Every structure is written in C-alpha cells, then in structure tokens.
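Using UniProt numbering, the letters of the first sequence correspond one by one to residues 1 to 146.
A virtual CB, placed ideally from N, CA and C, is assigned to each residue, including glycine.
In this text, all values refer to a predicted model and were calculated from it rather than measured experimentally.
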Amino acid sequence: TRGQGRGGRFAFPDWAYKPESSPGSRQIQLWHFILELLQKEEYQGVIAWQGDYGEFVIKDPDEVARLWGIRKCKPHMNYDKLSRALRYYYNKRILHKTKGKRFTYKFNFSKVVLVNYPFNARQSWGGGFQTPFWGPSPPSHTQTSP
DNA sequence: CACGGAAGAG
DNA sequence: CTCTTCCGTG
Numbered sequence: 001t002r003g004q005g006r007g008g009r010f011a012f013p014d015w016a017y018k019p020e021s022s023p024g025s026r027q028i029q030l031w032h033f034i035l036e037l038l039q040k041e042e043y044q045g046v047i048a049w050q051g052d053y054g055e056f057v058i059k060d061p062d063e064v065a066r067l068w069g070i071r072k073c074k075p076h077m078n079y080d081k082l083s084r085a086l087r088y089y090y091n092k093r094i095l096h097k098t099k100g101k102r103f104t105y106k107f108n109f110s111k112v113v114l115v116n117y118p119f120n121a122r123q124s125w126g127g128g129f130q131t132p133f134w135g136p137s138p139p140s141h142t143q144t145s146p
C-alpha cells in the first residue's frame, strides 16, 4: 500500500520494486534504490525520468551517491564508485547506458521485471502470465548458464 | 565522463 | 552473488 508511485510520466505496478521493508532480510539493491528515488517527486532535482521510456538522468551525481552511501552505510561512496556498480548492470541486462547523454541510463524494464519478479508478477497479473504493457521484447536466453 | 579488469568485503 | 574500492585507458 504505497499509493501509486507516480514519478511523473511513468508509473509502475507495486510489484515492480522491492518492498525494502524486509525485516533484516537481504540488503537493498542499487536498482531498487534508484527506482525508489525515481518514484518520489521530491527528488526530481536529483534524479528523474527523462527521454525514452525507462530512461533517466542523474541530475546531481554527488547527491545520489551521498544518498546511496547513507543507505548502504558507505560514507565514502561517490559517483565514480556508484557508476561502476551501475556498469555491472549492463551485463545483467538491468540497465544500459544512453550513449552521448551525460549521466543518463535506461532501464530494461521487461528484463528487470521478468528476471527479478517472475512469480510475484504472475500472481499480480491474476494467474495469467503475459508481457507487461510497457515491455516490448521478451527474453530469449538463459542468463544463468552460458 | 565512461568503461571494465582486478581484488576484496560480507 | 552484489556491490565497493582502486585504477589504467580512451
């Protein structure tokens, strides 16, 4: 019950992101955190959706890094290190870079959702598995075994 | 800035 | 495994 996070032009179903309130569970993941900031309008001066669907720009890299550092208890976090973590997402197909545009990345939503919330998603859709309305292409390979 | 190898933490 | 830290390269 977190109201419809309306990050402006983009909105996702609740199951599209992690209920960070997992009691002592595993740590929050960076892309969950990014999505979280993107949902809140009060951070639009720091990070916001811009351009194509799923594309966002980090308007204030230092601030996003600072916020991430606080969340992970890493006081020395900075954009250089945060962006390295973001780069690891390229191979995982969670994100990719919008080349030419500074501080701009793009989510591969169809992939992110399918890979991370397969069953959860199915349930939310009422039993029928289908491609989400925003997802263009389906996956075509297994990422766990090359 | 952006990229990705390497080593290391938890 | 998911980053965090450090760093050479373009």
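By the three-class DSSP mapping on this structure, what secondary structure does residue i have?
i	result
D107	A small fix is needed here, since residue 107 is Phe in this sequence, not Asp. F107 falls in the strand class under three-state DSSP.
H32	helix
Please classify residue i as buried or exposed, where buried requires at least 16 other C-beta atoms within 10 Å of its C-beta.
i	result
G54	buried
Q39	buried
S22	With a pLDDT of 48 at S22, under the threshold of 50, the predicted position of this residue should be treated as unreliable, though the coordinate-derived value follows. Classification for S22: exposed.
Just the C-alpha distance for residue i and residue j, rounded to the nearest angstrom, thanks.
i	j	result
F103	E63	13 angstroms
W31	F109	11 angstroms
A48	N91	23 angstroms
Q60	L95	As written in the sequence, residue 60 is Asp, which differs from the Gln given in the question. Roughly 19 angstroms between the two C-alpha positions.
K106	L37	15 angstroms
K99	F56	12 angstroms
G45	Q29	22 angstroms
L82	L67	11 angstroms
L35	E41	12 angstroms
Q50	R26	30 angstroms
Y79	I58	10 angstroms
M77	F33	14 angstroms
K101	R93	19 angstroms
D52	A65	24 angstroms
Start-end ranges of the beta strand (DSSP E) lying completely within the UniProt domain "ETS" (28-108), minimum 3 residues: Entirely contained in the UniProt domain "ETS" (28-108), the beta strand (DSSP E) runs reaching 3 residues are, in chain order, 47-49, 55-58, 95-97 and 104-107.
Cβ contact (3+ pairs, closer than 8 angstroms) linking the region 86-93 and the region 69-78: Short answer: they don't touch.
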